[in-house]
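Structure first, then comments.
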Amino acid sequence: YGILLARLDRLPDTARLALKVASVMGRSFSLTLLQHVRLLEAHRAELAESLRLALLRDFVRIEASAEPGGDTGTESGTEAGIEAGDGTGDGLHLSIVAQSQSHSDRYYFRHNLIRDVVYNTLLDTQQRDLHEQVALALADVQPRATEELAHHYYRSDTTREPVRERAIFYLGAAARTAQSDYANETALTFFRRALELTEDADLLCRTVAVLHILGRREEEADTLQRLDAFPKPGDEGREAEALAWEKARLW
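Sequential numbering of the sequence shown, starting at 53, is according to our numbering.
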């Protein structure tokens with residue numbers, strides 16, 4: 053951990069900042085998305101060179117073009133690699149850097165530990181702010197990346213109403229997509245995160261449906277109890293909530 057921090061501190065400011073923003077994106081990230089993050093706008097012209105330096109210093113690698121069996125960065129010998137020096141005299145690394153122009157703009161952290169160490173250099177408030185900035189950039193670059201948008205808005209400052217509304221929207225959309233793909237555990241995770249931020253009859257009844265499919269009867273009963281707080285069929289007003297309550301009771 054200390055060795056990684058020391059190596060990170062030896063990077064130029066822009067390269068270090070780029071890696072911190074990239075760590076918010078996850079294990080894998082793209083140069084294109086980095087260029088659209090507000091914090092890095094002033095450094096846009098330097099980002100490609102910064103990533104080449106991070107590649108040379110063995111923080112990141114170029115992501116193979118989605119070929120089956122390609123290197124995922126989980127090879128053995130990680131600890132030895134982490135403890136190595138900057139590698140500026142490594143001919144193999146220089147060869148990789150020289151090829152970088154012909155590859156896609158996707159990179160990944162050489163190991164999850166590297167990503168985690170870089171991410172944990174950020175204060176909680178910085179993490180939340182950067183997750184929001186990444187979400188805004190992602191909405192411009194990949195507006196259909198629903199799961200990623202849900203993740204980043206959920207990790208943002210959801211005490212702010214506009215952020216919370218976006219988080220609920222994308223969490224619900226990601227959950228419904230997973231539900232339609234029969235990825236019920238994933239759908240349940242997204243529904244539960246959305247319900248941390250709001251009490252919504254439709255979200256509750258969809259959660260009941262997923263729990264029923266998964267056979268989690270006790271949790272299903274608990275969720276139906278929460279749904280009881282909403283108007284029952286026949287109550288005045290809020291017809292949508294009443295319909296959602298009725299649908300959930302039919303499962």
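Ideal placement from N, C-alpha and C gives every residue a C-beta, glycine not left out.
Cβ distance (whole Å) where residue i is taken to contact residue j below 8 Å
i	j	result
T84	D192	Contact doesn't hold; Cβ gap of about 10 Å is too wide.
Q185	R90	5 Å
Y222	V215	About 11 Å; that fails the 8 Å criterion.
N164	R79	6 Å
E272	L279	Between L279 and E272 the Cβ distance is about 10 Å, and since that is not below 8 Å, they are no contact.
R316	R162	Absent from the structure is residue 316, since the part of the chain shown begins at 53 and ends at 303.
Cβ neighbour criterion (16 or more within 10 Å) applied to residue i
i	result
R59	buried
T250	exposed
I55	exposed
L107	buried
S208	buried
T177	exposed
D65	exposed
L144	Note that L144 scores 48 on pLDDT, short of 50, meaning its location in the model is unreliable; the coordinates nonetheless yield the value given after this. So L144 counts as exposed.
D110	buried
E248	exposed
Start-to-end residues for the beta strand (DSSP E) that takes in residue i
i	result
R104	Segment 99-108 is the alpha helix (DSSP H) holding R104; no beta strand (DSSP E) there.
V112	112-114
F10	The question about residue 10 has no answer here: the residues shown for the chain are numbered 53 through 303.
F81	80-82
N-terminal and C-terminal residue of the alpha helix (DSSP H) that residue i is part of
i	result
E93	It is not in any alpha helix (DSSP H) - E93 carries neither H nor E in the DSSP assignment.
A253	253-266
A58	54-61
D274	269-279
D65	65-77
Inset, instruction - For the segment 220-227 and the segment 249-264, state whether three or more C-beta atom pairs, one from each stretch, are separated by less than 8 Å. - result: Touching, yes, given that three or more Cβ pairs across the two stretches are closer than 8 Å.
Inset, instruction - Starting from the N-terminal side, write out each stretch of the beta strand (DSSP E) that is 3 residues or longer and does not extend beyond the segment 147-225. - result: Counting whole runs of 3 or more residues, the segment 147-225 contains the beta strand (DSSP E) stretches 158-161.
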